[in-house]
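J.:
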Amino acid sequence: MREISYTARPEDDGRLLKRVARGGIGLSHHLFTSLKQKNAVLLDGVPAHANAVVRAGQRVSVLIGDEAALAPVPVDLPVNVVYEDDDIIVVDKDAPLSCMAGLEKPNDSLESRMLWRYRGENYVFRPVNRLDKGTSGLMAVARHAHAQQIMQRLLHTGDYVREYLALVEGEPSPASGVIDAPIGKADGATVRREVRPDGKPAVTRYETVAAGGGYALLRVRLETGRTHQIRVHLSSRGWPVAGDFLYGREDIRMPGRFALHSAYLALRHPVTGEALRFRSDAPAVFGEIMAEGTASARP
Numbered sequence: 198m199r200e201i202s203y204t205a206r207p208e209d210d211g212r213l214l215k216r217v218a219r220g221g222i223g224l225s226h227h228l229f230t231s232l233k234q235k236n237a238v239l240l241d242g243v244p245a246h247a248n249a250v251v252r253a254g255q256r257v258s259v260l261i262g263d264e265a266a267l268a269p270v271p272v273d274l275p276v277n278v279v280y281e282d283d284d285i286i287v288v289d290k291d292a293p294l295s296c297m298a299g300l301e302k303p304n305d306s307l308e309s310r311m312l313w314r315y316r317g318e319n320y321v322f323r324p325v326n327r328l329d330k331g332t333s334g335l336m337a338v339a340r341h342a343h344a345q346q347i348m349q350r351l352l353h354t355g356d357y358v359r360e361y362l363a364l365v366e367g368e369p370s371p372a373s374g375v376i377d378a379p380i381g382k383a384d385g386a387t388v389r390r391e392v393r394p395d396g397k398p399a400v401t402r403y404e405t406v407a408a409g410g411g412y413a414l415l416r417v418r419l420e421t422g423r424t425h426q427i428r429v430h431l432s433s434r435g436w437p438v439a440g441d442f443l444y445g446r447e448d449i450r451m452p453g454r455f456a457l458h459s460a461y462l463a464l465r466h467p468v469t470g471e472a473l474r475f476r477s478d479a480p481a482v483f484g485e486i487m488a489e490g491t492a493s494a495r496p
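Put into structure tokens, the structure is as follows:
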């Protein structure tokens, strides 16, 4: 059993335990509920109600079972494969799906679904890059170690380009630009990141595609690959990704996800050298939320 803790910060003072635990430790609603049912959510070492009021300086903890038991198990559920050959696979990941086996659903992840799809091939899941649970869209998976090594060398070069669509709260000013701000772990947090001077260099480019009704649709490219980079950078400017419970606020119109989608992937094939390009349309809910915001803003 492992205890993961977070010390409430001044901005957490007066917030509910369920909000602080989810934001500070990075728990999803599903995992928080599961742990709460086991009395495994603690406030200053004592099991507490989900709606308990937290004060700055208090210690919020969760008790996690043995993760060694979370080895991926092949599961017969679909994977949206948009391209495959002997060296690489490109998938369009569903937002609620984790890339790897995890605490919430140890028997359902992209990894476990891929293990089923390629059963009998002595298959090893080798993602070139990963998408957060809650993010949908394109990502590349290598079929063998050689391809993975080559493509990971190409990350953040012109031979491996990823472009995201992000629906954010607010309307960015300037409408396009570069966010160059180091990112590191937030004090006392295990999952949450923040812009901080002692963090690792991080550069994000963004361009507004459309705006209105208190929302904006951005086209985003990464020049570095820090954990939660897009989410942290946009939130730091006051434009959190819509539906992002960790860096903004949840949106019931997007259960199991937030409004971030890997829409474009261009890469040089690791063996043949061929230039490959893939596109994935933004989920319809992005447009629906913008339209609702615009309609409600009309006099």
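Residue numbers (our numbering): 198 to 496. Where is the CB? At the ideal position from N, CA and C, for every residue including glycine. Only a predicted model underlies this, so the values are computations on that prediction, with no experimental measurement involved.
(1) Starting from Val-278, trace the beta strand (DSSP E) in both directions and tell me its first and last residue.
(2) Comparing C-alpha positions only, which one of Gly-409, Pro-467, Trp-313 and Val-287 sits nearest to Ser-567?
(3) Does DSSP put Glu-264 in a helix, a strand or coil?
(4) In chain order, what residues of the same chain lie with their CB nearer than 8 Å to the CB of Val-338, ignoring the 5 residues before and after it?
(5) Please go through the segment 216 to 277 and give each complete alpha helix (DSSP H) segment of 4 or more residues, from N-terminal end onward.
(6) Look at the Cβ atom of Ile-261, then the Cβ atom of Thr-387, and state whether they are nearer than 8 Å.
(7) Count the other CB atoms within 10 Å of the CB of His-227; is the residue buried (16 or more) or exposed (fewer)?
(8) What is the DSSP secondary structure of Ala-456, counted as helix, strand or coil?
(9) If you follow the alpha helix (DSSP H) that Ile-347 is in, where does it begin and where does it stop?
(10) With a threshold of 8 Å between beta carbons, is Arg-310 in contact with chain B?
(11) Got a sec, what are the start and stop residues for the alpha helix (DSSP H) Ile-427 sits in?
(12) Measure the C-alpha to C-alpha separation of Asp-441 and Tyr-315 and round it to an integer number of angstroms.
(13) Excluding sequence positions up to five away, which residues of its chain have a Cβ less than 7 Å from the Cβ of Gln-346?
(14) For Leu-213, list the residues DSSP reports as bridge partners.
(15) In the DSSP assignment, what residue or residues form a beta bridge with Val-365?
(16) Sort out for me which residues DSSP pairs Glu-500 with in a bridge.
(17) Less than 7 Å between C-beta atoms, sequence neighbours within five positions excluded: which residues of the same chain meet that for Ala-253?
(18) Determine the contact status of Arg-390 and Val-429, defining contact as a CB-CB distance below 8 Å.
(19) For Met-311, write down the residues that DSSP places opposite it in a beta bridge.
T.: Inspection of the coordinates gives the following:
(1) 278 to 281
(2) With the chain covering 198 to 496 only, the question about residue 567 has no answer from this structure.
(3) Below a pLDDT of 50, predicted positions are generally treated as unreliable, and Glu-264, at 45, falls in that range; the measurement from the model is reported next regardless. Residue state, collapsed to three classes: helix.
(4) Ile-285, Ile-286, Val-287, Val-288, Met-311, Phe-322, Arg-323, Pro-324 and Val-325
(5) 226 to 234
(6) Thr-387 sits away from Ile-261, with the two beta carbons spaced by 8 Å or more.
(7) Counting Cβ neighbours within 10 Å, His-227 comes out exposed, since fewer than 16 surround it.
(8) coil
(9) Going by DSSP, Ile-347 is part of the alpha helix (DSSP H) stretching over 342 to 351.
(10) Of the protein chains in this structure there is only one, and it is not chain B.
(11) 426 to 433
(12) 33 Å
(13) none
(14) Val-250
(15) Ala-413 and Val-438
(16) In this structure the chain extends from 198 to 496, so residue 500 is not present and cannot be described.
(17) Ala-205, Arg-206, Pro-207, Asp-209 and Asp-210
(18) yes
(19) None; Met-311 has no bridge partner.
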